[in-house]
């Protein structure tokens, strides 16, 4: 049994500045002994603009943003330094729009569109996920005997299922 861990996030306050080097050194040494090595290009430190002078020794590792688990993290300085999370959904939403704009689909496409829209690693779009789950359930039930790649036909839907689909699609 192997476990793969490839993203670590640490949060430090300005008061922890003295301990940061020690903690990171010990951590990187420990995971290195376990066979995990992080390339420096993947290593990023995010610091609010107001605190940057305090982190001069780490300047080479400070980045304006970092992406982990499909989420981009960055600091926004105005009016107060705030850590911001962005879900990077645009590509997935565009792919889903492209699929849903077609006149005919297969189950694979519907599941891909629902998965793309419903993917929410930060939990910021919880209002959308139930629609995606309902779409997969609707198509999985209505077309349970149809192969995944075969085009789906409206005639298989009951009137209520078609109404549900047109409502979900909007």
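In full-length UniProt numbering, the protein residues as written are 1 to 170. Glycine is no exception: its CB is placed at the ideal position from the N, C-alpha and C atoms.
Assign residue i to one of three DSSP states: helix, strand, or coil.
| i | result |
| --- | --- |
| residue 158 | coil |
| residue 9 | coil |
| residue 148 | coil |
Assuming contact is defined by CB atoms lying nearer than 8 Å, are residue i and residue j in contact in what I supplied?
| i | j | result |
| --- | --- | --- |
| residue 46 | residue 63 | yes |
| residue 43 | residue 61 | yes |
| residue 84 | residue 49 | no |
| residue 111 | residue 89 | no |
| residue 146 | residue 152 | yes |
Can you find the residues in the same chain that come closer than 7 Å, C-beta to C-beta, to residue i, ignoring five residues on each side of it along the sequence?
| i | result |
| --- | --- |
| residue 159 | none |
Give the straight-line distance between the Cα atoms of residue i and residue j, rounded to the nearest whole angstrom.
| i | j | result |
| --- | --- | --- |
| residue 93 | residue 58 | 37 Å |
| residue 23 | residue 128 | 39 Å |
| residue 51 | residue 165 | 51 Å |
| residue 27 | residue 9 | 12 Å |
| residue 140 | residue 107 | 8 Å |
| residue 144 | residue 157 | 12 Å |
Near residue i, what residues of its chain come up, given a Cβ to Cβ distance below 6 Å and the 5 sequence neighbours on each side ignored?
| i | result |
| --- | --- |
| residue 95 | 116 |
Quick one: what's got a C-beta closer than 8 Å to residue i's C-beta in the same chain, skipping five residues either side?
| i | result |
| --- | --- |
| residue 109 | 99, 102 |
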